[in-house]
Structures are given as C-alpha cells and as structure tokens.
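Numbering (UniProt numbering), first residue to last: 1 to 298.
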C-alpha cells in the first residue's frame, strides 16, 4: 500500500558527512535519512491524499524519482511541473465544511460554463462569491439551476449580451422553467440582502440581434447604427420603457432600423433573434406607432 507524496530528493545534502548520493526515504516513519551516517535530514513527509494503487501494468517506470507525485515507491507518474503538483496538493486537502465543498462544486460548474459560453474569468470569481453570500442567506434552489441563476445574474451585471436564458438552457442542458424559478428565488434573496438586481443596457443586444438575423455586412453596419439612434428615443420615454425587457426594446429599434435601411424582416424572425416571443414585440411596436414619433435623417 503506497501513498501520494511529494518531495525533492535532489535538494538534500547531509550536513554531517556532506553526501548527496545516499539519501533514502523511510516510508514507514516518514523520514529522509542519509544512508552513510544515519543522520535524519527531514521528518514528517507530507501525505497529500488518500491511499491508492496503480495498475500493475503501469508500474514499469524505473527512472530517477526526482520531483514526483504518485507511486513514489516505484518512481512512476513523474511530474516535472511543480505548479501542477502544488495545485493537486491544494485540491486534495479535505474540505472542513459543507459550504466549502459546495463552493468547489459551484466553481467547477462556473468554469465549465465559462468555456462553453465564452465568459471572462472575473465572472466566475464573482459568481462564486455571490453564490456563497446568497446561500448563507437561505438560497436553496436546486443545485444546477441555482448555479445557472447566479451565473445569469452576474452576467447581466456585467452587460454580457451573449448570456441569455436560451444560451444557458441550450448549452448547459437546463430546463428553462426551472431556471426561471431559481432566478426568481435568487432575486428575492438578493433583495433581502440589499443587492439590487442588474439592469442591462438594451443597446448591448442590438449587435447580437442583427447578427442573428443574418443581414449582410454592408447593411448590418447601417442597421446597427440606425437602431442605436432609434433606441435612444425609445428609452427616453419612461412610459414605454418601464416594465419591458431590454431585448424587446432593442428588437423594436432593430425592426424600425431594418425598415429604414430597406431590409425585410418579420416579427417572428425578430422575436427568435431577440430570444423573445412575438407578443411583447408586437405590442411595443403598436404602442410606438401610436405614441412615439421618430424623425431620423439617414
């Protein structure tokens, strides 16, 4: 039975006889000893993890031990990268509390989502911190849906238009209704802690909506430019802006911009590109036609 240990034999030289060739390890006592004179060079060699065995077929390495981690007795599983060994040692330490284990599990989920969706590293660190805070305050949504809800909350805070409910459900395999329920519970807990819900700028959704419509490059730039100007007028009216999702406001601006640029687009296509339904967009367009008049020189 062997243990996962980490050490460096090359660094030891006997201070009594000066030998650096006959340094041996006492596995039972956890000591490093000079075989020439018997001097104990170090005691309490650290055990970095649980006991384990390598398959017999993999015990063929007979090279020098060096800086290694794994089956030290046979010298296999050589790792020259000390940083990797340090990280392995860090994560092999037992978790002292359930919250620490939960945080590690949450970080693994956020890191996986970061790779799949394409998120900055700061979002992961902030999501872990937020999950810790709301969990202590009583947030008990189902594990995966709860992680995704926190990630969505932080992404909206950073204004990341690519992180939508549709993207989370499709790329992470999460049920949409369960995610929405978890997000609503998260909002309640966040408000009880004095954490204000993030407000996304509708302007950040315009490039994604235009790209999803598949407009050519030449027209795409024109539509985006006009849509930003139209959106400025739309959000200047609190009566029209309040209570509507930023994606819907951006979709309405893109609809008018496409009309001005001579690009044909249906409300169904627009709703799909905005990750919304036709009803809210149609209602907003009807209200804009009746109450908001826009003059734009193109």
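Even for Gly, the Cβ is constructed at its ideal location relative to N, Cα and C. Computed from a predicted model, the values in this text were never measured in an experiment.
Does residue 52 pass the burial test, meaning 16 or more other C-beta atoms within 10 Å, or should it be called exposed? With a pLDDT of 48 at residue 52, under the threshold of 50, the predicted position of this residue should be treated as unreliable, though the coordinate-derived value follows. Residue 52 should be labelled exposed.
Could you have a look at residue 160 and say whether DSSP puts it in helix, strand or coil? Residue state for residue 160 is assigned as coil, using DSSP reduced to three classes.
Reducing DSSP to helix, strand and coil, say where residue 174 ends up. In the three-state scheme derived from DSSP, where H, G and I count as helix and E and B as strand, residue 174 is classed as coil.
Could you tell me if residue 264 is buried or exposed, where buried requires 16 or more neighbouring beta carbons within 10 angstroms of its beta carbon? Residue environment analysis places residue 264 among the exposed positions, since fewer than 16 neighbouring C-beta atoms fall within 10 angstroms of its C-beta.
Let's test the definition: count the other Cβ atoms within 10 Å of the Cβ of residue 259 and tell me whether it reaches 16, buried, or not, exposed. By the C-beta density criterion, residue 259 is exposed, having fewer than 16 other C-beta atoms within 10 angstroms.
Inter-stretch contact at 8 Å, needing at least 3 Cβ pairs: the segment 217–237 / the segment 183–191: The segment 217–237, when compared against the segment 183–191, does not touch it at the 8 Å Cβ threshold.
May I ask you to verify whether the segment 173–190 touches the segment 145–162, counting CB pairs closer than 8 Å and requiring at least 3? Counting C-beta pairs closer than 8 Å gives three or more between the segment 173–190 and the segment 145–162, which meets the contact rule.
Run through the segment 212–237 for me and flag every whole alpha helix (DSSP H) of 4 or more residues, listed as ranges in chain order. The DSSP assignment places 217–234 as complete runs of the alpha helix (DSSP H) inside the segment 212–237, in order along the chain (cut-off: 4 residues).
Per DSSP, which one or two residues make a beta bridge with residue 42? According to the DSSP secondary-structure assignment, residue 42 is paired through a beta bridge with 32.
Run of the alpha helix (DSSP H) containing residue 260, from where it starts to where it stops: Secondary structure note for residue 260: its alpha helix (DSSP H) is the uninterrupted segment 246–261.
Cβ contact (3+ pairs, closer than 8 Å) linking the segment 246–262 and the segment 276–283: A contact exists between the segment 246–262 and the segment 276–283.
Since residue 226 and residue 261 should fall inside the 8 Å C-beta cutoff, what is the C-beta to C-beta distance between them, to a whole number of angstroms? With 8 Å as the limit, residue 226 and residue 261 qualify as a contact, their Cβ atoms being about 6 Å apart.
Proximity winner among 136, 158, 138, relative to residue 119 (alpha-carbon distances): Ranking the options by Cα distance to residue 119, first place goes to 158.
Along the chain, where does the beta strand (DSSP E) that runs through residue 125 open and close? Counting along the chain, no beta strand (DSSP E) covers residue 125; the unbroken alpha helix (DSSP H) around it starts and ends at 121–136.
One question on the structure: do residue 152 and residue 172 come within less than 8 Å of each other, judged by their Cβ atoms? No.
Do residue 165 and residue 275 count as a contact pair if the criterion is CB distance below 8 Å? Cβ distance < 8 Å, so residue 275 and residue 165 count as in contact.
Could you give the residue range of the alpha helix (DSSP H) that holds residue 117? Per DSSP, residue 117 belongs to the alpha helix (DSSP H) from 98–117.
Closest Cα partner of residue 266 within the set 209, 287, 32: Minimum Cα-Cα distance from residue 266 among the listed residues 209, 287, 32 corresponds to 209.
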